[in-house]
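Worksheet: the structure to be examined is printed underneath.
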Amino acid sequence: MSLEFNWVLPTSGDGHGRFEAAERNGLAAFRYERREAEPEYLVQVAQAAEWAGFNAAILPGGPAFDDGWLTAAALAQSTTSLKFLVDVEPGIELPAYTAQKVATLQTFTANRLLLRLAQPAPAAQYAGYGDFEPAVSRQQRSAEFLRVLREVWSGPGRDFNGEHYHVRQGGLTTPLEVQPGIYLDAVAVADEALLAPHAGVYVFTNETPEDVAQAVARLRKIDRPSGTPLRFGLRAQITARASESDAQSRARSLQSTGPLTEVTKTGTRPTHAIHLVGSYAQVAATLRAYADAGVTSFALSAPPHLEEAFRTGENILPLLH
C-alpha cells in the first residue's frame, strides 16, 4: 500500500524560535516566537504543503487554535489538491449537524475533507465549551457520535436511539457520495474495541516500531462493521538536516523550553508525539521502519512549517515514495 504524508498547519503560531508555553482562552498551548497565524501566512504554508506533495493539512482543534472548519473552508480556495483534516468534537455539537457541515464542505472543496476524533482535553477545556459529560462516558459518546455520522450520511429516513444521541427521521436529503476518512489518535482511546471499529486510520503517537507492530497485529483482529481494513498512522515531529550533527544542533535549539527530554537520531518519546532527529536518510529510514511495522499514514510537523514543508518534500519524501 502506498504511503500518505500529512503536514500540521500552525494555527496557534509558528517561527524559527524555541517553543514557548503560551495561553489562549486560559489554556496552555505550544507556540513559536516571531510568527502569528495570520491568514496570509497559513495560505503560504498550505500551498507549500501542496507543492511538497503532502496529502493533507492537519488543523488541530481546541480553544488554543483557530477553528479548523472555517480555516479549511478558507484555505481550500487557495489550493487545488491538498486535503484538510479537521477535528470533530462530540461534546460541542450534535452529530447530525456535523454530518451536514461535512456534506457542505465536501461539495465546496471537491471532496477534500478528512476528520479526526478530537483528543482528550483538560476538564477546563470541556467546561469552557459547556460540556460537563463525565469523563468515564465520553468514549461511549464518541462511538455513538461516529455511528450517527455514518447513518446520517446514508440518506434520509434514518433513526438512531442510543444512550447519548437520538435521531428521528434524520439524514441528508441525498446520500453523501464521498465519506471523509476518519482518523483516531491512540491517545484518545481507552477502549480499542469500542472506537477502533468506527475509524479508518488509527494513529500512534509515541510508540516504537516494535510496539506498533504488536498493536497492529492486535487491532487487525477487531471486527469492523464496514468490512474495510483498518489503516494505521504515526504522528511525529521531525528535525532533519543534511548531516546528523546539524540536525542535533537544530533540535537542541528548539528544546530549551519545550517538551523534549532527550535528542537522539532514533527519536524521543515525549508526551505528545515522537520526535525524530537525524540526517534526511536517517529520518527516512526510521519512518520506513514504521511503515514496515504497518504504518501507511504519517502526520508530520517541524517548525517553521513553511520552510520545513519544502525541506521535507524535497529531501525526505522522495526517499519514501
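Our numbering puts the sequence shown at residues 1276 to 1596. All C-beta atoms, glycine included, are put in the ideal place defined by N, C-alpha and C.
Item to check | Distance between beta carbons of residue 1595 and residue 1559, contact taken as under 8 Å | outcome: Taking the sequence shown and counting its residues from 1, the one referred to as residue 1559 is at position 284. Taking the sequence shown and counting its residues from 1, the one referred to as residue 1595 is at position 320. With a Cβ gap of about 6 Å, residue 1559 and residue 1595 count as contacting.
Item to check | Contacting residues, own chain, Cβ-Cβ under 8 Å from residue 1415 (five flanking each side not counted) | outcome: As a working note, residue 1415 is residue 140 in the sequence shown. So the qualifying residues of the chain are 1438, 1439 and 1469.
Next on the checklist: Taking only three categories from DSSP, how would you classify residue 1289?
Outcome noted: On the sequence shown, position 14 is the one that residue 1289 refers to. DSSP places residue 1289 in strand when its eight states are reduced to three.
Next on the checklist: Just to confirm before moving on: does the CB-CB distance between residue 1287 and residue 1359 stay below 9 Å?
Outcome noted: As a working note, residue 1287 is residue 12 in the sequence shown. As a working note, residue 1359 is residue 84 in the sequence shown. Their beta carbons are not under 9 Å apart, which means residue 1287 does not touch residue 1359 by this criterion.
Next on the checklist: Spatial neighbours of residue 1498 within its chain, please: C-beta separation below 8 Å, excluding the five flanking residues on both sides.
Outcome noted: Along the sequence shown, read from residue 1 onward, the residue named residue 1498 stands at position 223. 1472, listed in sequence order.
Item to check | Check whether residue 1344 and residue 1575 have beta carbons under 9 Å apart | outcome: Position 69 of the sequence shown, counted from the first residue, corresponds to residue 1344. Position 300 of the sequence shown, counted from the first residue, corresponds to residue 1575. Not closer than 9 Å, so no.
Next on the checklist: Here's a check: name, in chain order, each residue in its chain whose Cβ is nearer than 6 Å to the Cβ of residue 1551, leaving out the five neighbours to either side.
Outcome noted: Within the sequence shown, numbered from 1, the residue matching residue 1551 stands at position 276. 1511, 1513, 1542, 1558 and 1561.
Next on the checklist: Three or more C-beta pairs under 8 Å: does that hold for the stretch 1426–1445 against the stretch 1477–1496?
Outcome noted: no
Checklist entry - Is residue 1382 buried or exposed, if buried means 16 or more other CB atoms sit within 10 Å of its CB? => result Mapped onto the sequence shown, residue 1382 falls at position 107. So residue 1382 counts as exposed.
Next on the checklist: From the DSSP secondary-structure annotation, give me the bridge partner or partners of residue 1442.
Outcome noted: Translated into the one-based positions of the sequence shown, residue 1442 becomes position 167. According to DSSP, residue 1442 bridges with 1435.
Next on the checklist: With a threshold of 9 Å between beta-carbons, can residue 1426 be considered close to chain C, or not?
Outcome noted: Looking for chain C here will not work: only one protein chain is present.
Checklist entry - Among 1315, 1335, 1279 and 1356, which has the Cα closest to the Cα of residue 1285? => result Here residue 1285 refers to the residue found at position 10 of the sequence shown. The shortest C-alpha separation from residue 1285 is found at 1335.
Checklist entry - From what residue to what residue does the beta strand (DSSP E) around residue 1576 run? => result The count along the sequence shown starts at 1 and reaches residue 1576 at position 301. It spans 1572–1576 - the beta strand (DSSP E) in which residue 1576 sits, taken as one unbroken run.
Next on the checklist: Please report the straight-line C-alpha distance between residue 1587 and residue 1396, rounded to a whole angstrom.
Outcome noted: Looking up residue 1587 in the sequence shown gives position 312. Looking up residue 1396 in the sequence shown gives position 121. Going by the C-alpha atoms only, they are around 30 Å apart.
Checklist entry - Going straight from the alpha carbon of residue 1350 to that of residue 1331, what length do you get? => result For the purposes of this step, residue 1350 is taken as the residue at position 75 of the sequence shown. For the purposes of this step, residue 1331 is taken as the residue at position 56 of the sequence shown. So the alpha carbons of these two residues sit roughly 12 Å apart.
Checklist entry - For the putative contact between residue 1392 and residue 1348, defined by C-beta atoms under 8 Å, what is the C-beta separation to the nearest angstrom? => result Here residue 1392 refers to the residue found at position 117 when the sequence shown is read from its first residue. Here residue 1348 refers to the residue found at position 73 when the sequence shown is read from its first residue. Contact flag wrong, Cβ pair sits at about 20 Å.
Checklist entry - Based on the DSSP output, what are the partners of residue 1389 in its beta bridges? => result Start at 1 with the first residue of the sequence shown, and residue 1389 comes out as number 114. Note: residue 1389 sits in a beta bridge opposite 1360.
Next on the checklist: Ignoring anything shorter than 3 residues, give me the beta strand (DSSP E) runs that lie fully in the stretch 1471–1513, in order along the chain.
Outcome noted: Entirely contained in the stretch 1471–1513, the beta strand (DSSP E) runs reaching 3 residues are, in chain order, 1476–1479.
Checklist entry - Which residue from 1527, 1569, 1573 and 1570 puts its Cα closest to that of residue 1553? => result The residue given as residue 1553 occupies position 278 in the sequence shown. That would be 1527, whose Cα lies nearest to the Cα of residue 1553.
Item to check | Close beta carbons around residue 1460, own chain, < 8 Å, minus the five adjacent residues each side | outcome: Position 185 of the sequence shown holds residue 1460. Same-chain partners within the cutoff: 1391, 1392, 1394, 1478, 1480 and 1510.
Item to check | Residue(s) in a DSSP beta bridge with residue 1458 | outcome: Locating residue 1458 in the sequence shown gives position 183, where the first residue counts as 1. Residue 1458 is bridged to 1391 and 1476.
Checklist entry - Buried or exposed: residue 1572, going by 16 or more other Cβ atoms within 10 Å of its Cβ? => result Your numbering for residue 1572 matches position 297 in the sequence shown. Answer is buried; the Cβ neighbour count reaches 16.
Item to check | Local conformation of residue 1377 per DSSP, three classes | outcome: As a working note, residue 1377 is residue 102 in the sequence shown. Of the three classes helix, strand and coil, the one that applies to residue 1377 here is helix, per DSSP.
Item to check | Inter-residue spacing [alpha-carbon to alpha-carbon] between residue 1445 and residue 1371 | outcome: Locating residue 1445 in the sequence shown gives position 170, counting from the first residue. Locating residue 1371 in the sequence shown gives position 96, counting from the first residue. Each residue's alpha carbon lies about 8 Å from the other.
Checklist entry - If you draw a straight line from the alpha carbon of residue 1355 to that of residue 1321, how long is it in whole angstroms? => result In the sequence shown, residue 1355 corresponds to position 80, counting from 1. In the sequence shown, residue 1321 corresponds to position 46, counting from 1. Roughly 10 Å separates the two Cα atoms.
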